[in-house]
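Residue numbers (the working numbering): 84 to 388. Input: a single structure, listed below in structure tokens.
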Amino acid sequence: MECEPFYQFWSALQRCSQERMWDATIDAVERDLDRLNANRRSRKLLGSLSLDASLEIPDYHRVVDIHLQPGGYHTEFMNTDLAAGAIYDLGLDVYSNGAMGCRNEFLGELLIEHFLKSFPKKNPKIILDMGCAIGNSTLPWARRFPTARVEAIDVAAPQLRYGHQRAESLGVSVQFSQQNAERTNFPSASFDLVVSHIMLHETSARALPKIFTECRRLLKPGGVMLHLEIARGNSVFENFMTNWESWNNNETFGHHLTHIDYVALAARAGFAIESARCERHVGERDPQQQLYSAESPWQFISAVA
Ligand SMILES: C[S@@+](CC[C@H](N)C(=O)[O-])C[C@H]1O[C@@H](n2cnc3c(N)ncnc32)[C@H](O)[C@@H]1O
């Protein structure tokens, strides 16, 4: 494929469009930064924000700028910086050609739909969203389960600052904290449901088993672990096209998931193997998305504690 002129042309355009995307979104955020910073509300907060300046940013985020976003998710230039979050918000919309919906909430809504179908009797009272970034996928959970306490963690402070401000301005209560999903400070057996949306493929081979083990530790008996991920494709062609992001867009770990056995991983983390599942989303193909397959690009990984 890499010798094919047409592929080379397409690949170069993809890469350029990704770089232009950040140029455009960074300019837009820069122009609006004073207003965003001034927009901190004085009324009573619905949720909370807890940052930990001593938290070590994992190597898999420090070594490369994931998606080519300059500075990645976590870089900040002042101690109130939320720019990386605002840039991610705009970038996600451009990257998906608007397919994530006007508030980028599509993935949260999709995972909720899967949860309700797969676990119709569960009514979680305390939910954790790992790798929440700006909380775009977290807020749908808080709206769907309005009496639940919703915790959302990420390693990146600017994402969390923006996410907190965003949730408050949308009138949704979420408790944001800066924590590493490999090992959090929540007590054992404290959650009914632990979810993540497109976080796993941006971690590492060492981190992934630790994250599953942490999910197991955090769940109450009968609690559910549920991750939404990008399926890596069912053919060599689909694998190759999906892994373009790894070779050209700094999603360096993604391609290692091509042959990962999530069910075995869940069993090794202490979940009963018969409760563990990895399922491909079956549903409408979004015509706005660039797909290399007739199937949906999303998969759901679940297990019950
Ligand atoms: C692709 S973004 C997904 C954001 C959001 N969940 C969504 O649906 O758009 C992945 C996020 O996971 C976070 N992340 C990656 N590894 C993490 C870890 N070990 N602990 C906590 N957050 C992590 C990154 O900082 C980033 O904000």
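We put the beta carbon where it would ideally sit given N, CA and C, even for glycine.
Just to confirm, does D164 get its C-beta within under 7 Å of one of the non-hydrogen atoms of ligand 1? Looking up residue 164 in the sequence shown gives position 81. It does not: the Cβ of D164 is nowhere closer than 7 Å to a heavy atom of ligand 1.
What three-state label does DSSP hand S279 in the structure shown? The residue you call residue 279 lines up with position 196 of the sequence shown. The three-state secondary structure of S279, taken from DSSP, is strand.
Quick one: any contact between the segment 266-280 and the segment 303-317, if contact means 3 or more CB pairs under 8 Å? Taking 8 Å as the limit for Cβ pairs, the verdict is that the segment 303-317 does touch the segment 266-280.
Under the three-state reduction of DSSP, which class applies to G181: helix, strand or coil? To locate residue 181, count along the sequence shown from 1; it is residue 98. The three-state reading of DSSP puts G181 in coil, since its state is none of H, G, I, E or B.
What are the boundary residues of the alpha helix (DSSP H) that S252 is part of? Position 169 of the sequence shown holds residue 252. The continuous alpha helix (DSSP H) containing S252 extends over residues A240 to S252.
Distance, R98 Cα to W327 Cα: For the purposes of this step, residue 327 is taken as the residue at position 244 of the sequence shown. For the purposes of this step, residue 98 is taken as the residue at position 15 of the sequence shown. CA-CA distance, W327 to R98, rounds to 10 Å.
Taking 8 Å as the threshold (C-beta atoms), are V177 and A104 in contact? Here the question's residue 104 lines up with position 21 in the sequence shown. Here the question's residue 177 lines up with position 94 in the sequence shown. Per the sequence shown, the amino acid found at residue 104 is Met instead of Ala. The Cβ atoms of M104 and V177 sit closer than 8 Å to each other.
Whole angstroms are fine: how far does the CA of S273 sit from the CA of L302? Your numbering for residue 302 matches position 219 in the sequence shown. Your numbering for residue 273 matches position 190 in the sequence shown. Approximately 6 Å, taken between the alpha carbons.
R426 to G306 span [Cα, whole Å]: With the chain covering only 84 through 388, there is no way to say anything about residue 426.
Would you check if the distance between the CB atom of G130 and the CB atom of Q258 is smaller than 8 Å? For the purposes of this step, residue 130 is taken as residue 47 along the sequence shown, with counting starting at 1. For the purposes of this step, residue 258 is taken as residue 175 along the sequence shown, with counting starting at 1. Yes, the Cβ-Cβ distance between G130 and Q258 is below 8 Å.
Nearest-angstrom Cα separation, counted from T221 out to C215: Working through the sequence shown from its first residue, we reach residue 215 at position 132. Working through the sequence shown from its first residue, we reach residue 221 at position 138. If I take the Cα positions, the gap works out to 7 Å.
When every heavy atom of ligand 1 is checked, does at least one fall within less than 7 Å of the C-beta of D176? As a working note, residue 176 is residue 93 in the sequence shown. Incorrect: D176 has no Cβ contact closer than 7 Å to ligand 1.
Leaving out five residues before and five after L128 in sequence, what residues of the same chain have Cβ atoms less than 8 Å from its Cβ? As a first step, residue 128 must be located in the sequence shown, where it is residue number 45. Contacts found: E251.
Which ranges would you report for the beta strand (DSSP E) in the segment 127-213 if only whole runs of at least 3 residues count? Runs of the beta strand (DSSP E) lying entirely within the segment 127-213 and spanning at least 3 residues, in chain order: 131-133 and 209-213.
Taking 7 Å as the cut-off, is the C-beta of N268 nearer than that to any heavy atom in ligand 1? Along the sequence shown, read from residue 1 onward, the residue named residue 268 stands at position 185. No; taking the cut-off as 7 Å, the Cβ of N268 has no heavy atom of ligand 1 nearer than that.
DSSP state of I343, grouped into three classes? Along the sequence shown, read from residue 1 onward, the residue named residue 343 stands at position 260. It is coil, neither helix nor strand.
So what does DSSP say about P88, is it helix, strand or coil? Position 5 of the sequence shown holds residue 88. Here DSSP, grouped into helix, strand and coil, assigns P88 to helix.
Measuring only the C-alpha atoms, how far is P88 from G181? What you label residue 88 is simply residue 5 of the sequence shown in a count that begins at 1. What you label residue 181 is simply residue 98 of the sequence shown in a count that begins at 1. Between P88 and G181, the C-alpha separation is close to 29 Å.
If we ignore side chains and look at the alpha-carbon of each, how far apart do L340 and R126 end up? By one-based count along the sequence shown, residue 340 stands at place 257. By one-based count along the sequence shown, residue 126 stands at place 43. Approximately 44 Å, taken between the alpha carbons.
Could you tell me the alpha carbon to alpha carbon distance between R287 and F336, rounded to whole angstroms? Numbered from its first residue, the sequence shown carries residue 287 at position 204. Numbered from its first residue, the sequence shown carries residue 336 at position 253. Here residue 287 turns out to be Ser, not Arg, going by the sequence shown. Approximately 6 Å between the Cα atoms of the pair.
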